[in-house]
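Numbering (the working numbering), first residue to last: 280 to 770.
Following: one structure in structure tokens, then a few remarks.
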Ligand code: BG6
């Protein structure tokens, strides 16, 4: 399936606002290096780093040479490619609120109007408006310009609308690329391939045959150096509104008529609209909000969230969320979707579990085998794999059913480097392919579902419940499942 078109890129100028930030150094610069190594970046294409730090181009390159290079594994580092790549990079010291600085950017871009121009906003959302207005007023937005924004897009529907309105004042929707980097992950795209490239799953993919779906994004890391940002955000805004809901939508969407950007996004939005609203006591009953306390891993003890000196003592920010969601549609009526995400859980793991229903009539005596139903486990992280649990008769002279796993490990199948999610997304931005980006209405609908849950938490003064770092979250998250007679998948 041709999810991503492979057409060659046109020469581009990528202006990277926030070029000295964490995302730039850890992901964006290494991703561009890898694409250069693959020979994908056209001649005469440049990356212009723009930030407040007092560098010139030579100093910025030298800085990248230590900071960004450290995020490229040694066995994939090629000196000559890196040197050629650095030669594409220029730097502009820029204050996002200074129009004179946009004029300087204009000088750097002058005469290159036919190049694809990407304004990548890897900055705090409070600067989005200043930058889009700045490039607009300096006359830098050409017909082949695009703007890219990182989440979080606002704190709720209202603030997201304000950002989107401001963007829409200077860019067309077809020029706006709202990133959810989970959509750049291979396995997320493989979900589309699995569902819509095989005839096998579609007839099974419905309430008649699926009992429940669980989606977990677990991280062992804490908030560490990101405390100030995180405390304003919390797990619901940082992970659920975007990554978790995007995974849910891709699992639940109807088959699109084509892989074209709007065809896919039209189907995705229908799922968001069909999510049963969680309001008031219903939101409290179907959500769990947690916050880690000090705990220990094999590597040693770790402090609790409130022990972080950047976090105020009276913080009520959650680092864990579990939700029980339902989709009100013919396909999914009555199937619970359990969503869970948290920091300082036992390990980094992202997986989707589809639990099928039991056979309608057991012909094997119960003693012959366990009655746990078929299960599809789609793992995105740490490794990418798809496992299907089925039952077979164990060899022997009696009928003993035994679960076995059909395993598909993408590492074994493809035996090549797994791309960083941003590599694909960056290339798509330059190509102008919006399939893997969030359209404005998707962002709005996601907030419309999230906002009432936040409102209920506030109304009922539901503060996060504690869980020890290194465990799977508060016991309340288990209760959310056990009340339906279910358990989280944790092996
Ligand atoms: C980011 C969140 O969007 O995703 C982080 O802001 C989180 O808090 C990260 O750690 C997880 O991404 P990944 O790709 O490492 O699973």
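Beta carbons: idealized from backbone N, C-alpha and C, even for Gly.
Computed from a predicted structure; not experimentally measured.
Problem set entry | For residue 595 and residue 379, the rounded distance between their alpha carbons | 41 angstroms
For this session: Tell me, please, which residues DSSP counts as bridged to residue 458.
Result: 429
Problem set entry | Sub-7 angstroms separation of residue 493 and residue 617 beta-carbons | yes
Exercise. Quick one, are the C-beta atoms of residue 695 and residue 660 less than 7 angstroms apart?
Worked result: no
Problem set entry | Pair within 7 angstroms by beta-carbon distance, residue 368 and residue 340 | yes
Exercise. For the candidate residues 751, 708, 547, 674, whose alpha-carbon lies nearest to that of residue 455?
Worked result: 708
For this session: Write down the C-beta distance between residue 697 and residue 465 rounded to the nearest angstrom, noting that I regard them as a contact closer than 8 angstroms.
Result: 6 angstroms
Exercise. Can you tell me whether DSSP reads residue 333 as helix, strand or coil?
Worked result: coil
Exercise. Which word fits residue 640, buried or exposed, when buried means at least 16 other C-beta atoms lie within 10 angstroms of its C-beta?
Worked result: exposed
For this session: Entirely within the region 482–510 and at least 4 residues each: give me those alpha helix (DSSP H) ranges in chain order.
Result: 506–510
Exercise. If we ignore side chains and look at the alpha-carbon of each, how far apart do residue 581 and residue 748 end up?
Worked result: 7 angstroms
For this session: Quick one: measure Cβ to Cβ for residue 335 and residue 370, integer angstroms, because I've assumed they're closer than 8 angstroms.
Result: 6 angstroms
For this session: Quick one: grab the DSSP three-state call for residue 440.
Result: helix
Exercise. Count the other CB atoms within 10 Å of the CB of residue 674; is the residue buried (16 or more) or exposed (fewer)?
Worked result: exposed
Exercise. Using DSSP with H/G/I as helix, E/B as strand and the rest coil, what is residue 686?
Worked result: strand
Exercise. If you run the structure through DSSP and keep just helix, strand and coil, what is residue 550?
Worked result: helix
Exercise. Are the region 532–549 and the region 726–740 in contact at 8 angstroms, needing three or more beta carbon pairs?
Worked result: no
Exercise. Does the beta carbon of residue 517 fall short of 6 angstroms from some heavy atom of the ligand BG6?
Worked result: yes
Exercise. Straight-line CA distance for residue 281 to residue 472?
Worked result: Unreliable placement is indicated for residue 281, whose pLDDT of 42 sits below 50; no coordinate value is reported for it.
For this session: Output the distance between the C-alpha atoms of residue 286 and residue 320, rounded to the nearest integer angstrom.
Result: 12 angstroms
Exercise. Would residue 291 pass as a contact of residue 402 if the rule is Cβ separation under 7 angstroms?
Worked result: no
Exercise. Mind checking whether the beta-carbon of residue 763 lies closer than 6 angstroms to any heavy atom of the ligand FAD?
Worked result: This structure lacks the ligand FAD; its bound ligands are the ligand BG6.
For this session: Could you round the C-beta distance between residue 589 and residue 506 to whole angstroms and report it? I think they count as a contact, below 8 angstroms.
Result: 3 angstroms
Exercise. If residue 779 and residue 446 are in contact, beta carbons under 8 angstroms, what's the gap, nearest whole angstrom?
Worked result: With the chain represented from 280 up to 770, any question about residue 779 goes unanswered, as that position is not in the structure.
Exercise. How far does the alpha helix (DSSP H) with residue 453 in it reach, from first residue to last?
Worked result: First-last for residue 453: undefined, no H or E at that position.
Exercise. Among 302, 728, 372, which has the Cα closest to the Cα of residue 400?
Worked result: 302
Exercise. Secondary structure at residue 291, three-state DSSP: helix, strand or coil?
Worked result: strand
Exercise. Nearest to residue 305 by CA position, among 433, 349, 338, 324, is which residue?
Worked result: 349
Problem set entry | Residues near residue 356 in its chain [Cβ-Cβ closer than 8 angstroms; skip 5 each side] | 348
Problem set entry | Span separating the alpha-carbon of residue 610 from that of residue 486 | 6 angstroms
Problem set entry | Coarse secondary structure for residue 368, derived from DSSP in three states | strand
Problem set entry | Three-state secondary structure assigned by DSSP to residue 605 | strand
Problem set entry | Reference residue 692; option with closest CA among 631, 684, 663, 406 | 663
Exercise. Can you name, in chain order, every residue of its own chain whose Cβ lies under 6 angstroms from the Cβ of residue 750, other than the five neighbours on each side?
Worked result: none
Exercise. Count the other CB atoms within 10 Å of the CB of residue 482; is the residue buried (16 or more) or exposed (fewer)?
Worked result: exposed
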